[in-house]
Structure formats: structure tokens, C-alpha cells
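First the structure, in the form of C-alpha cells, and then the observations on it.
2 protein chains.
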Amino acid sequence: MQMNLSTRQLRAFLHLVEERSFTRAATLSHLSQPAFSALIRSLEDELGVRLFDRTTRSVELTAEGRAFEAAARRVLREAEDAWTDVRQLAARQRGRVALAVLPALAAGWLPQVLARFHAQWPGIQLDVADVLSEDCIERVRSGRADLALAATRVDTPELRTELFCTDDFHLVCRRDHPLATQPQLRLADIAAHPMIQLSRSSSVRQYVEAAIHPLQLNTMMELDQLSTVAGMVRAGLGISVVPALTLFHFEHPQLATRPLPLRGLKRQIFLVRRRDRSLSVAAQAMYEQLMALRPRQTAPNRRRGA
Amino acid sequence: MQMNLSTRQLRAFLHLVEERSFTRAATLSHLSQPAFSALIRSLEDELGVRLFDRTTRSVELTAEGRAFEAAARRVLREAEDAWTDVRQLAARQRGRVALAVLPALAAGWLPQVLARFHAQWPGIQLDVADVLSEDCIERVRSGRADLALAATRVDTPELRTELFCTDDFHLVCRRDHPLATQPQLRLADIAAHPMIQLSRSSSVRQYVEAAIHPLQLNTMMELDQLSTVAGMVRAGLGISVVPALTLFHFEHPQLATRPLPLRGLKRQIFLVRRRDRSLSVAAQAMYEQLMALRPRQTAPNRRRGA
DNA sequence: CGATCTTACGGGATTCGTAAACATA
DNA sequence: TATGTTTACGAATCCCGTAAGATCG
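As you go down the protein sequences, you meet chains D and L in turn. Mind the numbering: the first sequence is residues 1 to 306 in our numbering, read in order. Mind the numbering: the second sequence is residues 1001 to 1306 in our numbering, read in order.
Written as C-alpha cells, this is what we have:
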């Protein structure tokens, strides 16, 4: 014989256990008394045993009913837990989103986005990995991250990539540097000055070198961290060229930043997710938030992504 | 919103998780594929979230579906356990019966009854207290015993008593004693001989004294245990008068037993149970077994209880 | 006799299966 | 195009509520 129990039956049973009256228990179950009676009877029929001894004056559990009571409470509790858990996930009252975001975005732009997200969905746990592009993508591939914002496009059978935003490059120099006030900026002017660069493995460095080709940069120093670059520039050791999204490193009274005149010198930021599985409700909400608040172009000709 | 989950839904869900195909899972659930589809949809609607990403080529759990899976398994398992437990109680495959039975019945008559009961319902645990009447009744009153077989009638608001059987008294003496072969037994003859008695607190003793009144018994010894009485009689120290149900103590080549000529000298054995609660399925089966196999009168004029 | 559970029964909602439409690899 | 899911829809079933009946204190 095939079991079929419903939480309605269990709740009705427990109501009757507590009320010891069909009439009152029926009210609690939002049923007419005869309908409630039938519900209890159906449960008893399925179990093959009377659960209550009832007369017109008393309703009492049988021995088998007492044996069932504890189990019924347990099952109902588990079922309610399962139900509310999923309902909370669905209502974004609970959940978890794992992001993998380039450090530049993670430090400058992301905090305000997450602040708004958290204000709206305070129950959703956030897990941010501020790592380089390759690691970002690897995290999505392995499932450790739901979404990644990375600088490299990947289109594999398992990963889906879409353009998230573009990021144009800016000159950074001391406020008293000639280039800070020079009316017209030309590439050749920039190439002439000593430059504080990121290390050759950085994607920023590669963008810059490709854009300036065939000119050669006058690299006087290579560093790993942009904050160090800022310190060096502030000390007057050279100038630098960095993407707009990292300019927050250079907000300092001694420093000036200027858009570069190169139209083609833009890097692209991609949003990466898995192709095979859909986003969780929480991750979907995050996706929408990210897209809604995506960084605007700081260059003169602003551009919106698709 | 009111939760309503059924085990059918959970089973359908888990079938689909395992089969990853609506068609196959529908077969497992004994439903047409569209009906199965509607069942999954109803579950998703109640939970407020998609549990599966499905295309015509693939069916995969969503993140929320994965979260629900573990809970669903747990709930279904608990529900099935609860269900089978009660079904087993109902089918007498499991359970427990606690009896409180007079030692005389417990030693002589009860074993064969319990042997048959156990052969028929091997899963039912038996708990026998072979104690005196007062203790028997107290055990039923306190709920430690489901049924009692005792020698005293009680009719309180909480206990129900019914006549179980009657037990007439027999003379016990040595085979070479004059009374063993005397054609006609008279009370006066018995009263004349030295008698081995149970102690004054025994119900048997009280029955005998009441029946023989106003004659006085020639008591030469008082004991507590019938097996000791048997030894004394066997040694030729005297005769005794005991209920038929205790005669198994006196089955010995040297001993003779004879029905007494006293019609009124019968003790009654009562079956006692609680008035307010019904018997468990197992206890009910035991009750029927006890009644079906109740001891027959050994006296010439046999009598059946109501 | 009164309070309470059960049975009877008509109406309505739910659920089923068949068949057609739709979608994806 | 073939496989597999969803939609459409008529039919059967289930479930509910009202009203009458039965039962116990």
C-alpha cells in the first residue's frame, strides 16, 4: 500500500490532540466540523487504526494515537522548516551570493553597490573574492562563485560572458607636472615622460602597451599595487596611466588625473556566469543590481553597454 | 500563507531529482506525464520558486531545488517511518502488552497462552508481572499494566472489572491418607484433620474459612508459598485445600487431589482494565486470546463465565 | 434532553488522462 | 526533425458544507 500523508492531515491531527474536541479543532483547521471529521477518518483509514476514542463527551488519544503524536510533531516541524527555508530563499530573505570581482572594481565601485543590496536584502549573505581576472573566472567555473566581473572574455561551453562595462584610461601625474595643465594631450608627450608602471603581467599594462604601439613607454619603475603607484607619482618620480575605475587610488590634493585622448584605449569588463545552471534567486537579484548600477563611462563620450 | 505539502509531492519531487526526466519520473509516480508536470508545478507554486530548470533536453535542479532536496528527503523519511511504525502497531507486528496476573495463573495457565500469543504475534513485546491481586490492580490503575487477572473485584470510576473465570477448591492430601479414598467427602471430615494453610492474609485462606464457617479448621501450620505447602503435605504433616488453578503445585506421585463437595466454595478471578482508555491493538489481541483460552472449570458441574 | 460526533448528499473545486501545441538540440 | 515538456480540455474523482441522524452523558 502506498503511503500518502499531508501536512493538513498532520496539523488537523495535532489540533485535535490539543483541543480534544472535533468542533474546536475544526475551527482551528478552517473546516466545517463534518469535513474535519472526515479528514481525521481518512488519516485513521490510511494508518489502519483508530487514533482517537471518541464519544459525544470526550475525545481521547488511543495508544496508537499517542505513538503517532510524537512522530507527527516531528514530521510537521521538519516539513515546516523545509517549507519556510525555501520560501525565504525565494523571498530573498535568506541566501548567499558569491562574487568574484577584480580588485579595482571591488574596492572602488562595488562597496556602494553591495551596501544598497544589503540594505534591500539584509538576510542574504555576501561572499566577495577580490581577485584577478583569471582567478575570478576559475571561481565561476568551479562553482565557488555565482558571478564574476573580470577583464578577460571567455566563451567556453560552460561559461557565458557578456560585456559589463568599458573602462577608459587616464593619465595620472602630480598637479605641478607640465602634463597636468598642458592644453592638448598627445601620446608622444606621455611616452616621453618617465612612467610608473604596473608589472608586465597586469592586464592594465598590456592594454596600455598595445594602445601606444609602436611607441615605447619610458618605464622607470614597475610595481604590483596601484596604491604604491600613487605614492610614487605623488613623490614626483613619474607619471602613470590607469583605468578610470582605479582612479580612487589617486584622489589626493597633490595629484591630477586627465582622460587620455585615445579612443581605442578602453579596457572591457565582462560579467561571467555558468552557462549550464541558472542563477539562484539571490544571485539573480544581485545580477540585476549589478547591471542597474554598472559604472558609467567617465570619458567625454559616454557609452552604455548592451 | 498556509503551507500544504504532501508526501506525494515530495516523492514526485525526489523522483524527478533522480530521474531528471518528467516522463520517467511520472511513470515512477504512477501518473501521466502532464499530471506529473502539474504536480511539480503545484509544488513550485506553493514554494514560490522554480525547483528545476527544464528544457526539452535537460532537467536540472535550481539552487533552491538543491536546498530543498535534502530537507525533502528528511521529511519523507520521517513521514515514512511514522507511517510504518503505526501501521506495524495496527497490524500487530509491533507493540507491547503489559499484564499483571496472579502467580497461580501466571505459573500454571498463562505460559501456554502466551506461547500461542507469541507464536501468532512474534513482534509484540510481553511484560508480565506475576504479583498478588492488590498489586495487579494497582498496576492497571497506574497504567503500568494494560490488563490484570486478579482475585478481587474492583469497581471504581477508573477501573472496569469483569468476571474472568471461577476457580473451585480441591482437597490435597497424601495418596495413602484416608481422605484420598473415602467415598463421600464431608466438610466435617476435612475440618477434623490437621491442615497446612496459607497465611491469614492470603485470599485463598479467607475463602476457605468463609466457606467452612461456622466450623473451625484444624490449622497446624501456616505458610506463604504453595510449593512449601506441597512439600509439607507430601511429608504427611497434614492436608490442605487449594484452588484448582494451583493444583500444578501438587502434581506428584505421592499426592492425591479431590474436588470438594462445596458448591459455594469457588473463588472468582476477574479481568481488570482501565475504564477511560481503550486497549491498544496489541492489548486487545491479548484480551481476546485470554478470553478464548480462559481456564475451564475442573469441578463436575462446569460453568462458563459471561 | 442537550451537546457532539457521524452519516447522507448535492455542488464545486481539484486532479486526472488524452490530444494537441510548443520548444530545444 | 525527433524527443520531451507544456497547454487545453472534457471527465472522473475528491473534498467541502449543509442538513439530518445517532449517541453518550
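Every residue gets a Cβ at the ideal spot worked out from N, C-alpha and C, and that includes glycine.
Leaving aside the five residues before and after ASN1218/L along the sequence, list all residues of the same chain whose C-beta is less than 7 angstroms from its C-beta, in chain order.
-> ALA1191, ALA1192, HIS1193, PRO1194, MET1195
Check PRO178/D in the structure and name its three-state DSSP category.
-> PRO178/D: helix per DSSP, three-state reduction.
Taking the C-alpha atoms as reference points, what is the distance between ARG160/D and HIS118/D?
-> 26 angstroms
Below 8 angstroms between beta carbons is the criterion; list the residues of the stretch 53 to 66 of chain D that meet it against any residue of chain L, in chain order.
-> Of all residues in the stretch 53 to 66 of chain D, only ASP53, GLU60, THR62, ALA63, GLU64 place a beta-carbon less than 8 angstroms from a beta-carbon of chain L.
Counterpart residues of GLU1162/L in DSSP-defined beta bridges = LEU1271/L
Of the choices ILE239/D, THR152/D, GLY95/D, whose alpha-carbon is the least far from that of ILE124/D?
-> GLY95/D
Quick one: Cα of LEU1051/L to Cα of ARG1066/L, how far?
-> 8 angstroms
Using the C-alpha atoms, what's the distance from ASP155/D back to SER212/D?
-> The question names Ser, but residue 212/D in the sequence shown is Ile. Each residue's Cα considered, the two are about 28 angstroms apart.
Return the CA-CA distance between SER1356/L and ILE1239/L, expressed in angstroms with no decimal places.
-> Within the shown structure, residues of chain L are numbered from 1001 to 1306, placing residue 1356/L beyond reach of any answer.
Give the secondary structure of SER1201/L by DSSP, where H, G and I count as helix, E and B as strand, and everything else as coil.
-> coil
Burial state of SER1006/L (16 or more Cβ within 10 Å) = buried
Where do the ends of the alpha helix (DSSP H) carrying ALA100/D lie?
-> ALA100/D -> not in any alpha helix (DSSP H); beta strand (DSSP E) instead, spanning 95 to 101.
Quick one, are the C-beta atoms of LEU47/D and TRP1083/L less than 8 angstroms apart?
-> yes
Per-residue DSSP class, three states only, for PHE1068/L | helix
Flag GLU1042/L as yes if its beta-carbon sits less than 8 angstroms from any beta-carbon of chain D, otherwise no.
-> A small fix is needed here, since residue 1042/L is Ser in this sequence, not Glu. Not flagged as an interface residue toward chain D: SER1042/L, since no C-beta distance is shorter than 8 angstroms.
Which word fits GLN184/D, buried or exposed, when buried means at least 16 other C-beta atoms lie within 10 angstroms of its C-beta?
-> exposed
Count the other CB atoms, across all protein chains shown, that sit within 10 Å of the CB of LEU198/D; report buried if there are 16 or more and exposed otherwise.
-> buried
Report yes or no: do the stretch 142 to 156 of chain D and the stretch 95 to 110 of chain D share at least 3 C-beta pairs separated by less than 8 angstroms?
-> With the cut-off at 8 angstroms, the stretch 142 to 156 of chain D and the stretch 95 to 110 of chain D touch.
Residue-level contact to chain L via CB, GLY48/D, 8 angstroms cutoff | yes
Element boundaries [alpha helix (DSSP H), containing LEU28/D] = 22 to 28
Chain L contact for THR298/D (CB, 8 angstroms cutoff) | With a pLDDT of only 48 at THR298/D, under 50, the local geometry of the prediction cannot be trusted, and the value read off the model is given with reservation. THR298/D has a beta carbon lying at 8 angstroms or more from every beta carbon in chain L.
Is ARG1075/L close to chain D, meaning its C-beta is less than 8 angstroms from at least one C-beta of that chain?
-> First, the residue type needs correcting, since residue 1075/L is Val and not Arg in the sequence shown. Yes - at least one Cβ of chain D is within 8 angstroms of the one on VAL1075/L.
So VAL59/D and ARG87/D are in contact, right, with Cβ under 8 angstroms, and what is the actual spacing, rounded?
-> The C-beta distance from VAL59/D to ARG87/D rounds to 33 angstroms, too long to meet the 8 angstroms contact threshold.
Look at the alpha carbon of GLY1092/L and the alpha carbon of GLN2/D, and state the distance between them as a whole number of angstroms.
-> It is worth fixing the name first, because residue 1092/L is Arg in this sequence and not Gly. Rounded to whole angstroms, ARG1092/L to GLN2/D spans 19 angstroms at the Cα level.
In chain D, which residues lie with their C-beta within 8 angstroms of the C-beta of ALA1090/L?
-> LEU47, GLY48, VAL49, GLU64
Beta-carbon contacts of PHE1169/L that lie in its chain and below 6 angstroms, excluding the five residues immediately before and after = VAL1241, PRO1243, LEU1260, LEU1265
Looking at the structure shown, is MET1291/L part of a helix, part of a strand, or coil, going by DSSP?
-> helix
Would you mind sorting PHE1250/L into buried or exposed? The rule is 16 or more other CB atoms within 10 Å of its CB.
-> Result: buried.
With respect to the alpha helix (DSSP H) encompassing ARG141/D, which residues constitute its N-terminal and C-terminal limits?
-> Its alpha helix (DSSP H) spans residues 133 to 142.
Continuous beta strand (DSSP E) stretch holding PHE248/D: start and end | Unbroken run through PHE248/D: none, as it is neither H nor E.
Pairwise C-alpha distance: GLY1108/L and THR1246/L = 7 angstroms
Beta-carbon of ALA1098/L versus every beta-carbon of chain D: anything under 8 angstroms?
-> no
DSSP-derived helix/strand/coil call for ARG54/D | strand
Pairwise C-alpha distance: GLU1138/L and GLU1069/L | 51 angstroms
Limits of the unbroken alpha helix (DSSP H) element including GLN184/D = Unbroken run through GLN184/D: none, as it is neither H nor E.
Under a CB-based cut-off of 8 angstroms, is SER21/D close to chain L?
-> no
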